[in-house]
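Engineer:
Residue numbers (our numbering), protein chains in the order written: chain A, 2 to 260; chain B, 2 to 260.
And the structure:
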C-alpha cells in the first residue's frame, strides 16, 4: 500500500522554522508535498491572488528535497499555496493537509486573521481532512519540540475519527516544556477582541505613516470550554472550525422582528 | 441633535462606482467618513498589514469632499481602512459602518474570501453596527440604482432592530431592474464551493505563471432558506454574520469519540 500523501502549507514562509518542524512531524506518516509562500504572510487571512501572476519555484537543495519530501515556494498567499498544490501540482486529493506550525497563537478571534488557518480551511473546503498547528511563541527561534512530541498522535487520532464535511481543526499549543503540558482539550473558539491602535511616525521625507499595534482581550476569561482557557491552563486546544458564518440566533430573532 | 456618523469602506478601491453609490445612500442618513483602499483589493478577505507602513491620503477634490462627506484613501487592505478609520481618524465609535457596494456577489462561501464583508465584520468586532452590500454584477459600470432604491430603508430597519454583539449583515442584491426585485429575505449562508483550476501561461522571458479561474457550485440548490436561493429567485438576501467559526456539531461528536 502506498503511504498517505500529505500537503503542507504555512503563512510564515518557506524558510520558517515552524514549517521545518511540521515536515518532521509529517514524514513518519506519509509522503510530503510542501507549497509555502516565498515570504512571510502573517495576518493574510483567506486572501487570494487574482491581479498578479502566480509563480511556483521548486526547491532543489539537498536539505530541502529528498525522496519523501518535495518542496515548492510560491509568490502568493497561504490560500494560493493550497489551491495550487491541490489543483495544479497534485492529480488526486491529498489524504491530509497540514498548515503551520505557526509562530504565534491562532486561538479565539485570531482564527479570522490567520493565514495558517485559512490554508487549512481552504483544504477542507476542497474535501481534504486538514489541521492547522500554532505555537504560542512568536519568536523565529521558537522551540517546536513539544509540538513535535504531540503532533503525530494528534494527527493520527483526528484521521481515525474523521472530520465532518468542510470542518478542519485549529490546534494551538501553549509555549511550555512538554512536561508541563497537561493534555489535549476539545474547545470552542473563545469570544475575544483585539484592542488596537496605530503608532504614528514620520519618514525621513516628512511623510506620515502608521504601524498597527494592539493587545488581545478575552471577553469570557471564566468560560472553561474555550480555547483561551485551555491554553492559559496548560492544555493544547483543539477547535473544529467550519466555513458557515451565519449567526443562527440573530437569524431567528430578525425573522421574528423584521416585517 | 447631531446627525449619525457613518464610516464607509470597500474593497474595490476609492475610485469604484459602487463606493460612490453607497455614499449617495448614506448621505441622507448622516455625516459620512470614507476610508477606502487606493487600489482594488478584491478577494483580500480579513488580511491586515503589519510588514509595510500604512499611509492615509485625504482627497480634496471638490467632487469628493463636501461638508457632509470626508474621504481618505489608504494603501492598505479593507480591514486596515476600517481599523484606521475607527481607531485613528475618529475619536468616538461611528453610529454605523457600511462596506461596498461590492461589484459582484458575496453570498454563500464567498463571505470567507470577501474584503467587503471582512471590513463589515471588523467594524462589528469593534462594537459598531455594520452592513456589507454587494451587487451580483462584476462590471465596473454596473447599475447600482436598484441597490440605491432599496439600501436606505434596509439600513434604517437594521438600525431600528439593532444587531447582536459582533454580528453584521451580509446584503446581496440580484442584478435585476428594481421592478423585478421581489423583496428582502433573511437567510442563512448557502453551502457552496468554488471549483477552481489554474490557467498556465508562459511570459515573454520563458517563465511559467498561473491565473486562478473557477466557477461556483451550490451544494444545496433546493434549500429555500439560503442566500443563493433568495438571489436566484429575485430576492435581496440578508445574512447575519458572526465571527465564531466553531463547528458545534463536530465539537459534540469529537468530545464523545476522543479518548
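All residues carry an ideal CB built from backbone N, CA and C; glycine is no exception.
#1: Have a look at A:191, A:200 and A:72 and flag the residue whose alpha-carbon is nearest the alpha-carbon of residue 35 (chain A).
#2: From the DSSP output, which residues share a beta bridge with residue 197 (chain A)?
#3: Thinking just about the alpha-carbon of each residue, which of B:176, B:248 and B:3 is nearest to the one in residue 134 (chain B)?
#4: From this set, B:121, B:138 and B:110, which residue's C-alpha is nearest residue 132 (chain B)'s C-alpha?
#5: Using alpha carbons as the reference points, say which of A:116, A:161, A:214 and A:247 lies closest to residue 104 (chain A).
#6: Against chain A, with Cβ distances strictly below 8 Å, would residue 49 (chain B) count as a contact?
#7: Strictly below 9 Å CB to CB, what residues from chain B border residue 34 (chain A)?
#8: Please determine, among A:196, A:211, A:203 and A:191, the residue with the shortest C-alpha to C-alpha distance to residue 226 (chain A).
#9: Taking CB distances under 8 Å as the criterion, tell me whether residue 110 (chain A) reaches chain B.
#10: Just to confirm, is the Cβ distance from residue 54 (chain A) to residue 212 (chain B) under 8 Å?
#11: Can you pull out the residues from the stretch 76 to 94 of chain B whose beta carbon lies closer than 7 Å to at least one beta carbon of chain A?
#12: Rounding to the nearest angstrom, what Cα-Cα distance links residue 186 (chain A) and residue 234 (chain A) in this structure?
#13: So, at 8 Å on beta carbons, what are the nonlocal neighbours of residue 93 (chain A) in its own chain, with the 5 sequence-adjacent residues on each side left out?
#14: Could you give the C-beta distance for residue 147 (chain A) and residue 174 (chain A), rounded to a whole number, given that I count them as a contact under 8 Å?
#15: Check distances from the C-beta atoms of the stretch 237 to 251 of chain A to those of chain B and list, in chain order, the residues that come in under 9 Å.
#16: Just verifying my parser: in three-state terms, what is the DSSP assignment at residue 156 (chain A)?
#17: Please name the residue or residues paired with residue 247 (chain A) in a DSSP beta bridge.
#18: My parser needs the alpha helix (DSSP H) runs of 4 or more residues fully inside the stretch 67 to 143 of chain A; what are they?
#19: Is there a Cβ of chain B sitting closer than 8 Å to that of residue 190 (chain A), yes or no?
#20: Quick one: list the residues of chain B neighbouring residue 98 (chain A), beta-carbon separation under 8 Å, in chain order.
#21: If we call anything under 8 Å between Cβ atoms a contact, is residue 168 (chain B) one with residue 140 (chain B)?
#22: What three-state label does DSSP hand residue 184 (chain A) in the structure shown?
#23: May I have the straight-line CA-CA distance separating residue 222 (chain A) from residue 229 (chain A), to the nearest angstrom?
#24: Using only CA atoms, which one of A:111, A:240 and A:181 lies nearest to residue 165 (chain A)?
#25: On the DSSP bridge list, what partners appear for residue 209 (chain B)?
#26: By DSSP, does residue 1 (chain B) sit in helix, in strand, or in coil?
#27: What first and last residue would you give for the beta strand (DSSP E) that runs through residue 10 (chain A)?
#28: In this structure, how does DSSP classify residue 189 (chain B) when only helix, strand and coil are distinguished?
#29: Check each candidate in A:106, A:59, A:159 and A:183 and name the one with the smallest Cα separation from residue 74 (chain A).
Structural biologist: On the basis of the data shown:
#1: A:72
#2: A:215
#3: B:176
#4: B:121
#5: A:116
#6: yes
#7: The premise fails here: residue 34 (chain A) is roughly 16 Å from chain B at the closest Cβ pair, so nothing lies under 9 Å.
#8: A:191
#9: yes
#10: yes
#11: 84, 85, 88 and 89
#12: 10 Å
#13: 6
#14: 6 Å
#15: 239, 240, 241, 242, 243, 244, 245, 246, 247, 248, 249, 250 and 251
#16: helix
#17: B:242
#18: 79 to 85 and 116 to 126
#19: yes
#20: Per Cβ cutoff of 8 Å: no residues; residue 98 (chain A) is ~15 Å from chain B at best.
#21: no
#22: strand
#23: 8 Å
#24: A:240
#25: B:203
#26: Absent from the model: residue 1 (chain B). The displayed extent of chain B is 2 to 260, so no value can be given.
#27: 6 to 10
#28: strand
#29: A:59
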